[in-house]
Structures are given as C-alpha cells and as structure tokens.
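Below is one structure, written out as structure tokens; comments come after it.
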Amino acid sequence: MKINAILVGITISLLLLTLPAAASDFTLGVFGNANEDGTINMQDVTYTELIIMGHMDETELADAKYDGVINMQDVTQIALIILGQDNEMTVVDGAGRTVTVKKPIERVIMPNGDCMPLMRALDAADKIVGVSKYTIEDTLFYPEFSDYPSVGSVWSPDYEAMVGCNPDAVIMYASFSQTKCDAIEDKLTDANPEIACIRVDGYKPSSQVEDAMLLGYLLGKRGEAVVWIDFYEGFLNQIYDGVENIPMDDRAKVYIECWRAYHTAAGSSGWSEKIELAGGYNIFRDLTIDYPDVSEEDVIDQYFDAIIRAAKTEGGYDTNDTTGLSDLADEIMNRPELAHVPAVENGKVYVINNDIFGGTAHFVGMGYIAKWLYPDQFAELDPEAAHRQYLTEFQGLDENLVDNGVFIYPLLEER
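Here the sequence shown is numbered in our numbering, starting from 704 and rising by one per residue.
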C-alpha cells in the first residue's frame, strides 16, 4: 500500500508539472478535458483515473460521457476523443451552453458569416453546405461560395433553405443578436432535433483561440486549429508585449466612431475590445449598450488623443481608391464642434475598413491601430505582411487582394 501511495504521488506530481502553458490561458470547453487546460491528451486520461481512485477532486469536464458519473467509461471516451474516433461530443459553446453533438459533422450551415474565414483557416470549408446572403454577395472574398444555397442571415433567416440543406450543425453568434439566434435554434430543432446549434463569435480577440479550438475538436481539425492559433497569437503577442507595461492612465485616449456620426462603442463591444487590446483607452468604455448613439456634447466634453472611425462600405478589397476613406476623415476633421479637440488639432483622425477589423481578420486592423497610436514603439510591426500571409496560407486567396484594395486612411507612409 505504501508503494502504491508513493506511485500515486509521483503520478500526480508529474501530471501537474507537465501541464501545458495553455492551461493558464483558457479552458477548452469539451467534456473530457478533465484537467481543464487548453487541450485533451493523455494527461486527461491520467487525471480522470486519479479522480476515480479518489486522489484528485472531480472536475465538471472530467465527465466525458456527460452522464453525471465519472467512471472508466469516461476514460474510454477521452481516449476516443484523443484518437479522433468519438461518435458524440459534449461541449460548452461560446455562449456558455452545454451542447451534445453527433459526430462526424459533415454538413454545416453558416448564418454567422463572421466565422467563414475561421472555417477556411481550419481547412473545414468543404463541410459548408449553406451560407449567409452576405457571403454570397461578397464574390471577391468568397468566390467559391457564390452559387451555394443562401440561408438568409441571422436577422432575416430563410428557414426553408436552412432545413433544406440537411445540416448536421448550424453555427451562429455567441454574444451578438442572441434573441435572433435563439429564435433560429428553436425553429431548426423543431424541424429536426438532430441539428446541433453551436454558438461561436469568430470576431473577438478574447474568444478567437477558444472558438478555433472548439471548432477544431468538433470538426476533426485540431491540428489545423493549432497552426492557425500559432500564427494568430504570434502576431498579436507582438502588440500585447508592446503595450502591457503602459499604465491604463497613460494610454492613448480614443473616441471610437462606428459607421455613422456619433455612433460609438461601449467597453462590452468587439470594437472597443480590439482597440483597447491594441493599446487604446476607449473614452466611452463605461456605457452599458454595446453600440450606442451619443451627442456632440457627450464627445466634446471628453479628452481624447485620437479618433478611430470604422468604415463599412468605404474602402475594402474591391477598390484601391482612398477617396471613400479620406472623405470620412475629412468630414470628421471639418466638424465645427470638434475643431478644438486634441485629436483633430493634431490630425490624429484615422479610418479603418471593416474587412480588416471585423471577423477573423481583426488582428490585421489591430496592428494598424497599434502603429497609429504608438508609431515609435511599433515601427517594426508589419500588419501588411501578416495580412498577405493570412490571405495566402489561411484563406486560399491571392495576396494581390491587398494590392488591389485599400483598408486604412491615412496610409502609413503618409504619416
């Protein structure tokens, strides 16, 4: 008995010592991730066995079979997940909901168009059988989907088309338009209870890694998810490392304007998250509505060093004319009420197109914002090179899309 106790102690010590660094970053929301780190491997098998023997405390995710009991069936299920031979998987999706999914997933519809680039990055685009109307309209970035069935959108779903695609799964937003997504899920599961409704955002830095790994496990693309995450984090970590020692009080104060005059972003929004992770301080971070309208007085009563305007239709992959973006910047610079705010007086008004600031490509836009706010600190950061690599290696597109498009104003060489 003493020898057994020593062996158990050694096993526990080795297990804890070999936890990967990802364990401190996020918890992969897959039942079977017994030690609650960022992956499922043999450590989870050992951890579950130690739980069964009474040497480790139970964890929620150790219940790989999701039957309320932790036993050797869970060990078997974890082994099957590791081998990619599981025929059912229970996950906690991006909305915090527990969802059990039949595998393999071979047919997916995509009302959440923001996840389309992520599906490509995971080499899972061949599983897509229905796309949003906005994906079909974007023939330049999504040429291969131009003749796919349209399932409408989250805001105007085509239920008949959705069901007609005979999907195994539907991917919708986790934190955006939740009421609309709930309604779609109710309709689809009423029509076919076997359809798995999975919520992931795909457009937020705070959840990008979790979204990628979760889809990687569900779609049998774990290796591809790791490659994508290595690239994604490799670029963003340059920004995070550069701004982490700047106290919040010393960071550049930013007024964010989205789509139209005096329509801004609160701290809970994706826009604010990206700008603050790039080193900015959102002056309207404390508002409670994600994307509220504010008054002229609300803005001019604040101190801010820069204005960042998000552009939806101006610029993008389909034009190399900067006029649309420059007109937005000029309109802001010429507003009489803003004439004496520091951002305008110092010419720090920037415009960025949604193609590189929304969806999966947001990391590119974050790179430009970091360079705008801290040009000396990020002189060597190259968001254009990252953009080109993203297109060629993870989207299957030609890098000349960068040359033929315009995404920011002013251009960096104009500063």
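Even glycine gets a Cβ: it sits at the ideal position worked out from N, Cα and C. If you're wondering where the values come from, they're calculated on a predicted model, not measured in any experiment.
Quick check on the DSSP output: the beta strand (DSSP E) that includes residue i runs from which residue to which?
i: residue 1010; result: 1009 to 1014
i: residue 961; result: 955 to 961
For my contact list, residue i and residue j are in at a C-beta cut-off of 8 Å; report their separation, rounded to the angstrom.
i: residue 903; j: residue 874; result: 6 Å
i: residue 800; j: residue 1098; result: Not a contact, Cβ separation roughly 29 Å.
i: residue 921; j: residue 794; result: 7 Å
i: residue 1047; j: residue 1036; result: 6 Å
i: residue 1172; j: residue 973; result: Residue 1172 lies beyond the stretch modelled for the chain, which goes from 704 to 1118, so this question has no answer here.
i: residue 945; j: residue 1081; result: 6 Å
i: residue 1054; j: residue 1031; result: 5 Å
i: residue 923; j: residue 1020; result: Their Cβ separation, rounded to whole angstroms, is 30 Å, which puts residue 923 and residue 1020 out of contact at 8 Å.
Label residue i either buried or exposed according to how many other C-beta atoms from any shown protein chain fall within 10 Å of its C-beta, with 16 as the threshold for buried.
i: residue 891; result: buried
i: residue 925; result: buried
i: residue 815; result: buried
i: residue 1000; result: exposed
i: residue 809; result: exposed
i: residue 772; result: exposed
i: residue 847; result: exposed
i: residue 805; result: exposed
i: residue 1071; result: buried
i: residue 1014; result: buried
i: residue 893; result: exposed
i: residue 727; result: Only weak support is given to the placement of residue 727: the predicted model assigns it a pLDDT of 37, under 50, and the value that follows is read from those uncertain coordinates. Classification of residue 727: exposed, given that the 10 Å Cβ count is below 16.
i: residue 749; result: buried
i: residue 931; result: buried
i: residue 1093; result: buried
i: residue 992; result: exposed
i: residue 732; result: buried
i: residue 989; result: exposed
i: residue 1056; result: buried
i: residue 1050; result: exposed
i: residue 1068; result: buried
i: residue 796; result: buried
i: residue 1005; result: exposed
i: residue 753; result: buried
According to DSSP, is residue i part of a helix, a strand, or is it coil?
i: residue 902; result: strand
i: residue 774; result: coil
i: residue 756; result: coil
i: residue 1003; result: helix
i: residue 889; result: helix
i: residue 1106; result: helix
i: residue 854; result: coil
i: residue 733; result: strand
i: residue 747; result: helix
i: residue 986; result: coil
i: residue 1111; result: strand
i: residue 722; result: Confidence in residue 722 is poor, its pLDDT being 40 and thus under 50, which makes the residue's placement unreliable; the coordinate value appears in the next sentence. If DSSP states are grouped into helix, strand and coil, residue 722 belongs with coil.
i: residue 727; result: Confidence at residue 727 is low in this model, with a pLDDT of 37, below 50, so its placement is unreliable and the value that follows should be read with caution. If DSSP states are grouped into helix, strand and coil, residue 727 belongs with the helices.
i: residue 1101; result: coil
Counting along the chain, where does the alpha helix (DSSP H) carrying residue i start and finish?
i: residue 873; result: Looking at the DSSP string, residue 873 is not in any alpha helix (DSSP H); the run it does join, the beta strand (DSSP E), is 872 to 875.
i: residue 845; result: Residue 845 -> no alpha helix (DSSP H), and no H or E assigned at all.
i: residue 839; result: 836 to 840
i: residue 867; result: 862 to 867
i: residue 1086; result: 1086 to 1092
Of all the beta strand (DSSP E) runs that stay within the bounds of the region 1010 to 1068, which reach a length of 3 or more residues?
1052 to 1056
Just to confirm the assignment: which complete beta strand (DSSP E) runs, minimum length 3, are found wholly within the region 908 to 983?
955 to 961
Which runs of the beta strand (DSSP E), 3 residues or longer, sit entirely within the region 779 to 832?
791 to 795, 801 to 805, 811 to 813
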